[in-house]
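Working notes, structure below.
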Amino acid sequence: MTGLLEGKSFVVTGAANSRSIAWAVARAIGRHGGAVVLTYQAERLRRRVSRLSEELGGAPMIELDVGSDESVRRAIDEVAEHMPVLDGFVHSIAWAPAEDLQGDFVETSRAGFAQANDISSYSLVAMAREARRLMTRGGAIVTMTYAGSWRVVPNYNVMGPAKASLESAVRYLAADLGPAGIRVNAVSAGPIATVAARTVKDFSGMLDLLESHTPLRRNVTSDEVADATVFLLSDLSRAITGEVVHVDAGAHAAI
Numbered sequence: 560m561t562g563l564l565e566g567k568s569f570v571v572t573g574a575a576n577s578r579s580i581a582w583a584v585a586r587a588i589g590r591h592g593g594a595v596v597l598t599y600q601a602e603r604l605r606r607r608v609s610r611l612s613e614e615l616g617g618a619p620m621i622e623l624d625v626g627s628d629e630s631v632r633r634a635i636d637e638v639a640e641h642m643p644v645l646d647g648f649v650h651s652i653a654w655a656p657a658e659d660l661q662g663d664f665v666e667t668s669r670a671g672f673a674q675a676n677d678i679s680s681y682s683l684v685a686m687a688r689e690a691r692r693l694m695t696r697g698g699a700i701v702t703m704t705y706a707g708s709w710r711v712v713p714n715y716n717v718m719g720p721a722k723a724s725l726e727s728a729v730r731y732l733a734a735d736l737g738p739a740g741i742r743v744n745a746v747s748a749g750p751i752a753t754v755a756a757r758t759v760k761d762f763s764g765m766l767d768l769l770e771s772h773t774p775l776r777r778n779v780t781s782d783e784v785a786d787a788t789v790f791l792l793s794d795l796s797r798a799i800t801g802e803v804v805h806v807d808a809g810a811h812a813a814i
């Protein structure tokens with residue numbers, strides 16, 4: 560199936576390597592006819608992302624530090640040089656200090672809690688605020704969340720409250736931006752063996768547990784998450800906003 564995103568333009572954040580969910584999304588957008596701009600966090604990561612850009616036929620790359628309002632503003636200005644009209648963006652960014660992903664949640668530092676929420680949640684708000692000026696014909700924003708937002712997941716720690724904040728931000732942004740024809744949704748993916756996920760203690764054990772207990776008796780792939788994201792970016796989902804779509808083989812319903 561092709562053409563769902565024909566003639567549309569999107570920014571994809573978080574495509575740091577070939578195993579990232581964001582990279583699967585960027586490829587899926589391309590397969591469905593959409594144009595993509597990739598972002599990278601800092602100059603030291605540019606070379607890694609440039610290899611991904613080449614696979615997309617030379618997709619533009621823009622430096623973006625979501626912890627800085629000025630960087631977000633500057634990045635969207637750069638996007639405008641490539642895409643005067645933007646149809647949406649994919650927010651696939653999450654981070655917390657390593658020490659706050661270990662041990663007991665009650666030991667989370669004040670600084671770590673603030674940083675996790677700033678980078679993982681507020682960054683969506685900051686990007687939406689700037690990107691909307693290019694989204695003159697409406698469009699769609701999709702972010703990535705996880706079940707740790709609403710239930711305790713061992714070793715997920717400070718990222719749980721950060722993802723809960725992110726999901727709440729999705730609803731408030733959907734209400735604010737809806738009159739402009741901009742939809743905001745989240746995909747709640749099952750655990751996938753990305754480089755980032757491997758920082759979670761006993762991640763492989765989590766994969767084994769879910770594989771044997773989900774209704775579909777398997778885990779999900781990044782390509783399946785990407786397909787759901789394409790749906791939410793496309794006009795097929797034109798009446799869906801403020802929603803969290805679970806792509807987790809049914810884990811949220813049965814475990």
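If you count by the working numbering, then the sequence shown holds residues 560 to 814, one letter each, in order. Quick reminder that beta carbons are idealized off the backbone N, C-alpha and C, glycines included.
Contact between the region 665-677 and the region 691-698 (3+ Cβ pairs under 8 Å): no
Pair within 8 Å by beta-carbon distance, A587 and S568: no
Host alpha helix (DSSP H) of V584 (start-end): 580-590
Distance between beta carbons of A748 and D815, contact taken as under 8 Å: Lying outside 560 to 814, the shown extent of the chain, residue 815 is not represented and no answer is given.
For M703, three-class secondary structure by DSSP: In the displayed model, M703 falls within a strand according to three-state DSSP.
Contacting residues, own chain, Cβ-Cβ under 7 Å from S609 (five flanking each side not counted): M620
Reduced DSSP secondary structure (H/G/I, E/B, other) of M560: Its pLDDT being 49, under 50, M560 is placed unreliably by the model, and the measurement read from it follows with that caveat. Secondary structure of M560 (DSSP, three-state): coil.
V784 versus D646 - alpha carbon distance: 20 Å
Buried or exposed (CB count within 10 angstroms, at least 16 for buried), Q600: By the neighbour-count criterion, in which a residue is buried when 16 or more other Cβ atoms sit within 10 angstroms of its Cβ, Q600 is buried.
Span separating the alpha-carbon of E565 from that of N778: Our two residues, E565 and N778, have alpha carbons roughly 30 Å apart in a direct line.
Coarse secondary structure for Y681, derived from DSSP in three states: helix
Residues near M560 by beta carbon distance below 8 Å, same chain, minus five either side: Reliability of the predicted coordinates at M560 is poor, the pLDDT of 49 falling under 50, and no value is obtained from them.
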